[in-house]
Each structure stands twice: as structure tokens, then as C-alpha cells.
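Below you'll find the structure, written out as C-alpha cells, and then a few comments.
Numbering (my numbering), first residue to last: 9 to 400.
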């Protein structure tokens, strides 16, 4: 069986977690700040706040930016629902921007069109959440220029993208955003078993992120309403959440971050090999913009269904029956029943829907062997038919 993604755990990782188990702190100890610093060193931002998931990090990012009732959050249909749900958690309304047909990321052109209309209707977004799908960054410079013109804040959902670069600089440096969020789920580039992190260059936002992560409670006298009663004293100054990351998770993350460049480099090697092995099949291979160096969390192909004798579902099931556990990223947000109850309808975002009808994520992870990769290619060729030729 070959999964589409898999964590890479070595003895160093195991030893790091074991040391925490034998220490005095299983949570709220030294490992959290160490993990935050490791991520800052990699991405070039100034402040980091670790959380128990990327979903939690997205939520507190929205809260830190003041998103609430009467506001709008815009994101892309081609993402996991958390990118949209974080707006709903805050009482805001959610809308979507269709994808670029090449990168599968939020289209800056479609965003601009919608902003022009929204300005006339007085429904401009307060927050826009571009997603770095599969590890490739969106056109962040163009989105940032639009934010300056129309006054919205930007949260980069870079859950797929740690270790990648945009315009030669590390993703997460927040040059074109207010906050960037990373994920450390087991199938992501770096894992902390589960976890997320929000990074920013704004000290006030960092202060708010920290408060919302931990019940809205502070021991910082500068944030209190009166002098401290004693060394035991703390105050709740916001309504926050218990979104803290444990030291067990953070220790694993610290250890994994030491291999970040190795993980991403290996993913690129596998992607380049796939590109060569699959180039003559009736599929569209992942296209990479010259501005980007993807984290390559996913390797997504699109089937040329008019050139093969099987349906999308038949190819998908055929791969799984051969123990190649392909996946599909993602069901467009607006096609979920929960969002359709809000008024979203099929046909609203045609590029995302077209992509969904053709896309398959095939296996790629750092410990993948060439033998495993050859098997994936062999089974895929069998499913598609060796005699078929890709479109030029």
C-alpha cells in the first residue's frame, strides 16, 4: 500500500519527544518557544504563535484582525473548509474567489473583478485568505496591491507551503500579508503530530494572537487593568480559547524543522521524476510559476477525460484497488451542503468545479522510494492506457 502522504519520523524525532516525557513540562514548557523560533528562523517573520492546529491558528488570526459580525471574509473554493470556516467562527460572512486555471490558487484577476463590484455594493471584505495550494504560492504581490487599494487585511493560509519561496524569499515572511498560517499535520511537509502556527511582523497582532490562543489570559502587567495583587496574579482581558500546543508536539516540530530543507528538496526530486515519467500520458502535470518555489505538499494531476476510456471515478478507484491510495484535494467549498444552505450554488465558480472533476493527488512523500514511484506510474499508465498521448 502506498499512501498519498506520510510522515517521516526518525530516531532523532523519537528521542526529542522522549526527553519531554521525562521532563517536568509536558505543556507550557520551553519547547513551544523553541519551535516558534525555529519556524521564524526558517520563514523570516518576527513573531510566531504556535497553536494546536492550523484551524485554530486561522481562527485566532481572524480574531486578532478584528473580524466579526457584519464583516466579510473571502477565500478560495479550492481548499479545505477550515480556510472558510474560520470566518464563520467569528460571526462574519464568507464569500469565495475562483481559481487560476494553472496554479489552482485564488485568481488575482477574479479577486479584482469581485472587489470592484463589492465596492459598489458596500460589501468589501475585511479579510482575504489566499491559500498556497499544494505548496505553490498565489500571486501575493498582486493581492497585496489590491489590499492597499480596497482596505482589506490578508491572512496567508500556507498550510501546504512551509519551506517554499515566493519571489526568492521564504513563504511566511509576511512581506505581502498581515499574518501567515502553517500546518503541522502528519501528512504536511513538517509534522508536530498535529499543530499549527501563526506568524506576523506586527507586535500588536502577535500580542492578540497570544491572548486568543490561551483563554484571553495574561500575566503581562502592561495589559492589565490594575496593578498585580502578587506573583500568582493574572487577568482575563479577552474571550480566548484553549488552543495551546503541547511540549510533546513542539519538541517533535523542533526536531523536524532541522530537516525542512531536506524534506522540500526531496519532494522536488520526486516531482521532477514524476514530470519525466508522466509527460506522455493524457494528463495535465502540475504547472509551476516562475515566481515560486513550491513546498510540493501535493502532486496533483488532471485527467484528460476526453482522451481516456474511463471516468474520473473509475481511474480513482482503479488506483486504490491496486493499493495506490490516491486522494482528491479538494471538494470545492461551495459544493458542501453546509455552504449551499447559505446560498452557494453549483456553477458559481466554474474553474474550481472543472478542476474538481479532473484532479487526483498521487502519492508523494520524502521517504518514497523510486520503486514505489515506479509502481504508482505503472498503475496509472494501466488505468489511462499506454497508447494515449498527452495534449500539447
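Idealized CB from N, CA, C, for every residue including glycine.
Treat the numbers as computed from the prediction; the structure is a model and nothing was measured.
query: Smallest Cα separation from residue 161: which of 346, 210 and 264?; result: 210
query: What does a CB cutoff of less than 7 Å around residue 227 pick up in its chain, not counting 5 residues either side in sequence?; result: 242
query: Note down, one range per segment and in chain order, each alpha helix (DSSP H) of at least 4 residues found wholly within the stretch 226-262.; result: none
query: Check residue 177 in the structure and name its three-state DSSP category.; result: strand
query: By the DSSP assignment, the beta strand (DSSP E) with residue 273 in it spans what residues?; result: Careful: residue 273 lies outside any beta strand (DSSP E), inside the alpha helix (DSSP H) at 268-286.
query: Residue 369 and residue 301: beta carbons closer than 8 Å?; result: no
query: Can you name the residues that DSSP bridges to residue 164?; result: 188
query: State yes or no: is the C-beta of residue 217 within less than 8 Å of the C-beta of residue 100?; result: no
query: Within 10 angstroms of its Cβ, does residue 219 collect 16 or more other Cβ (buried), or is it exposed?; result: buried
query: Exposed or buried, which one is residue 230 when buried takes at least 16 other CB atoms within 10 Å?; result: exposed
query: State yes or no: is the C-beta of residue 143 within less than 8 Å of the C-beta of residue 337?; result: no
query: Taking Cβ positions, are residue 171 and residue 52 nearer each other than 8 Å?; result: no
query: DSSP three-state call for residue 11: helix, strand or coil?; result: strand
query: Along the chain, where does the beta strand (DSSP E) that runs through residue 204 open and close?; result: 204-208
query: Compare the C-beta of residue 257 against all C-beta atoms of chain C and say whether one is closer than 8 Å.; result: The question asks about chain C, but that chain is absent: this structure has only one protein chain.
query: Could you check if residue 32 is buried or exposed, using at least 16 other CB atoms within 10 Å of its CB as the buried criterion?; result: exposed
query: Could you please give me the residues that DSSP links to residue 82 through a beta bridge?; result: 103 and 136
query: Suppose the cutoff is 7 Å on Cβ atoms and the five residues either side in sequence are ignored; what does the same chain contact list for residue 360 look like?; result: 85, 86, 106, 107 and 340
query: Could you please give me the residues that DSSP links to residue 68 through a beta bridge?; result: For residue 68, which the question treats as bridged, DSSP gives no partner whatsoever.
query: Excluding five sequence neighbours on each side, which residues of the same chain lie with their C-beta closer than 6 Å to the C-beta of residue 380?; result: 10
query: Residue 28 and residue 255 look like a contact to me (Cβ under 8 Å); what is the Cβ gap, rounded to whole Å?; result: 5 Å
query: Ends of the alpha helix (DSSP H) at residue 151?; result: 148-158
query: With DSSP collapsed to three states, give me the class of residue 59.; result: strand
query: Can you tell which of 203, 291, 126 and 39 has the C-alpha that lies nearest to the C-alpha of residue 24?; result: 39
query: If you follow the beta strand (DSSP E) that residue 367 is in, where does it begin and where does it stop?; result: 367-370
query: How long is the line joining the alpha carbons of residue 13 and residue 376, rounded to whole angstroms?; result: 9 Å
query: Span of the beta strand (DSSP E) holding residue 97?; result: From DSSP, residue 97 is part of no beta strand (DSSP E) but of the alpha helix (DSSP H) over 90-97.
query: Once the 5 residues before and after residue 42 are set aside, which same chain residues still bring their CB inside 6 Å of it?; result: 262
query: Quick one: measure Cβ to Cβ for residue 146 and residue 169, integer angstroms, because I've assumed they're closer than 8 Å.; result: Residue 146 to residue 169, Cβ: 10 Å. No contact.
query: Determine the closest residue to residue 222 out of 60, 30, 390 and 386, with distance taken between C-alpha atoms.; result: 60
query: Tell me the DSSP secondary structure of residue 386 in three-state form.; result: helix
query: Give the DSSP-derived three-state secondary structure of residue 114 in the structure shown.; result: strand
query: Tell me which same chain residues have a C-beta within less than 8 Å of the C-beta of residue 45, skipping the five on either side of it?; result: 56
query: State the CB to CB distance for the pair residue 80 and residue 104, rounded to an integer number of angstroms; the pair is presumed to be in contact (CB under 8 Å).; result: Their Cβ separation, rounded to whole angstroms, is 11 Å, which puts residue 80 and residue 104 out of contact at 8 Å.
query: When DSSP labels each residue in this structure, what does residue 291 get in the three-state scheme?; result: strand
query: For a test of the three-state rule: what should DSSP assign to residue 413, helix, strand or coil?; result: It is not possible to answer for residue 413, since the shown part of the chain is limited to 9 through 400.
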